[in-house]
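To keep things clear, I will list the structure first and then write my remarks on it.
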Amino acid sequence: MGYLLFVTLIQAFSFSLIGEYLAGHVDSYFAVLVRVVLAGLVFIPLTRWRQVEPSFMRGMLLIGALQFGVTYVCLYLSFRVLTVPEVLLFTILTPLHVTLIEDALNRRFNPWALIAALVAVAGAAVIRYDRINPDFFMGFLLLQLANFTYAAGQVLYKHLVARHPSDLPHYRRFGYFYLGALMVALPAFLLFGKTNFWPEAPLQWGVLAFLGLVSTALGLYWWNKGACLVNGGTLAVMNNLHVPVGLLVNLLIWNQHEALGRLLLGGSVILAAVWISRLGNRPVPGVNSAA
Numbered sequence: 470m471g472y473l474l475f476v477t478l479i480q481a482f483s484f485s486l487i488g489e490y491l492a493g494h495v496d497s498y499f500a501v502l503v504r505v506v507l508a509g510l511v512f513i514p515l516t517r518w519r520q521v522e523p524s525f526m527r528g529m530l531l532i533g534a535l536q537f538g539v540t541y542v543c544l545y546l547s548f549r550v551l552t553v554p555e556v557l558l559f560t561i562l563t564p565l566h567v568t569l570i571e572d573a574l575n576r577r578f579n580p581w582a583l584i585a586a587l588v589a590v591a592g593a594a595v596i597r598y599d600r601i602n603p604d605f606f607m608g609f610l611l612l613q614l615a616n617f618t619y620a621a622g623q624v625l626y627k628h629l630v631a632r633h634p635s636d637l638p639h640y641r642r643f644g645y646f647y648l649g650a651l652m653v654a655l656p657a658f659l660l661f662g663k664t665n666f667w668p669e670a671p672l673q674w675g676v677l678a679f680l681g682l683v684s685t686a687l688g689l690y691w692w693n694k695g696a697c698l699v700n701g702g703t704l705a706v707m708n709n710l711h712v713p714v715g716l717l718v719n720l721l722i723w724n725q726h727e728a729l730g731r732l733l734l735g736g737s738v739i740l741a742a743v744w745i746s747r748l749g750n751r752p753v754p755g756v757n758s759a760a
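The sequence shown lines up with residues 470 to 760 when you count with the numbering used here.
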């Protein structure tokens, strides 16, 4: 879970950086493309092009297209009409997407995982943001599509790695992820990007560099690696932990006036959901788990 917690902190800063320095100032499609290119420059030189099964490559291309390509195009577009706290709030349905996709792939129903996801959603919902943008519904729909593709990508990665075990480290097979993301980001920029909204200030380029090299390269790699080490319920809950952390970061650094009491209460509920998610994994006394 250490990987997931560390990436949660990165995500918390990333949401505010996008909202404060890029949204409305830098073309969304260009920002997504730059992040993919920078992350690809980190991992593609480390990628093994042999000794990797073609089916694994195809799976990684699909996962990259979903988890980063579609997700972040929708996320950046949502920042055009929503504030940082609103974006954070509307991502609270991600755990439900994770749980339902996980159960569908495993052809099972895990009530504890679903309960944990619901508790996490309730915890995030405690942190209400009262001022709703007039374009609320458009932003909400964009974020739900982003939530679904982000959830699908990480769950599919977990299953793909399980189906294709390898002695190669994860990072040796992760470059395909960014090629898949590029397959979405590049056409989107060529079709819809606006070249008159490129970064103008050094700070904006610095934010893009941080988002590309840290949030996209290391963050997504560590998140997917961490997703392979936890159960579906815990993964669902961890997808919501960035909401209170992100709001807290936004409050302390960018002086957003949020209800601190509800923030702490919602964060506590989400942390409790982590414990609930583990109940389904406890062995039943007298039952042989190897059966």
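Cβ atoms here follow ideal geometry from the backbone N, Cα and C, with glycine treated the same way.
Note that the coordinates shown come from a computational prediction; the quantities given were computed from them, not determined experimentally.
Open item on the list: Between Phe537 and Ala650, how many whole angstroms is the CB-CB distance? I'm expecting something under 8 Å.
Closed with: Taking the sequence shown and counting its residues from 1, one reaches residue 537 at position 68. Taking the sequence shown and counting its residues from 1, one reaches residue 650 at position 181. Their Cβ separation, rounded to whole angstroms, is 4 Å, which keeps Phe537 and Ala650 in contact under 8 Å.
Task: Gly644 (DSSP reduced to helix, strand or coil) - done: One-based indexing of the sequence shown puts residue 644 at position 175. Of the three classes helix, strand and coil, the one that applies to Gly644 here is helix, per DSSP.
- [ ] Quick one: grab the DSSP three-state call for Glu571.
- [x] As a first step, residue 571 is located in the sequence shown; it is residue number 102 there, counting from the start. Residue state, collapsed to three classes: helix.
Open item on the list: Give me, in chain order, the residues of the same chain whose beta-carbon lies closer than 6 Å to that of Gln480; leave out the 5 immediate sequence neighbours on both sides.
Closed with: Residue mapping note: residue 480 aligns to position 11 of the sequence shown, counting from 1. These residues qualify, in order along the chain: His711.
- [ ] Check whether the segment 552-563 touches the segment 478-497, taking contact to mean three or more Cβ pairs, one atom from each stretch, closer than 8 Å.
- [x] Yes, since at least three Cβ pairs between the segment 552-563 and the segment 478-497 fall closer than 8 Å, the two stretches touch.
TODO: Kindly confirm or deny that the segment 523-533 and the segment 638-652 touch, where touching means at least three C-beta pairs closer than 8 Å.
DONE: Two segments are said to touch when three or more pairs of C-beta atoms, one from each, lie closer than 8 Å; by this definition the segment 523-533 touches the segment 638-652.
- [ ] Under 6 Å Cβ to Cβ from Leu614, same chain only, skipping five residues before and after it: list those, please.
- [x] As a working note, residue 614 is residue 145 in the sequence shown. Cys543.
Task: First through last residue of the alpha helix (DSSP H) which encompasses Lys694 - done: Locating residue 694 in the sequence shown gives position 225, where the first residue counts as 1. Bounds of the alpha helix (DSSP H) holding Lys694 are 689-696.
- [ ] Could you spell out where the alpha helix (DSSP H) holding Phe679 opens and where it closes?
- [x] Here the question's residue 679 lines up with position 210 in the sequence shown. From DSSP, the alpha helix (DSSP H) with Phe679 extends over 671-679.
Task: Coarse secondary structure for Val520, derived from DSSP in three states - done: Taking the sequence shown and counting its residues from 1, one reaches residue 520 at position 51. Position check: residue 520 holds Gln in this sequence, whereas Val was assumed. In this structure, DSSP gives Gln520 a state outside helix and strand, which the three-state scheme calls coil.
TODO: Count the C-beta pairs between the segment 681-696 and the segment 577-588 that are closer than 8 Å, then say yes if the count reaches three, no if not.
DONE: Fewer than three Cβ pairs drawn from the segment 681-696 and the segment 577-588 lie within less than 8 Å of each other, which leaves the two stretches out of contact.
Open item on the list: Buried or exposed, going by whether 16 or more other CB atoms sit within 10 Å of the CB of Lys627?
Closed with: Translated into positions along the sequence shown, residue 627 becomes position 158. Buried.
Task: Pairwise C-alpha distance: Pro656 and Leu704 - done: Taking the sequence shown and counting its residues from 1, the one referred to as residue 704 is at position 235. Taking the sequence shown and counting its residues from 1, the one referred to as residue 656 is at position 187. If you take the alpha carbons of Leu704 and Pro656, they lie about 31 Å apart.
Task: Cβ-Cβ separation, Gly662 to Leu507 (assumed contact under 8 Å), whole Å - done: Position 38 of the sequence shown, counted from the first residue, corresponds to residue 507. Position 193 of the sequence shown, counted from the first residue, corresponds to residue 662. The distance from the Cβ of Leu507 to that of Gly662 is about 17 Å, inconsistent with a contact at the 8 Å cut-off.
Task: Residue of Gly471, Val738, Leu502, Ile561 minimising C-alpha distance to Trp667 - done: In the sequence shown, the residue the question calls residue 667 occupies position 198. A check of alpha carbon separations from Trp667 across Gly471, Val738, Leu502, Ile561 identifies Leu502 as the nearest.
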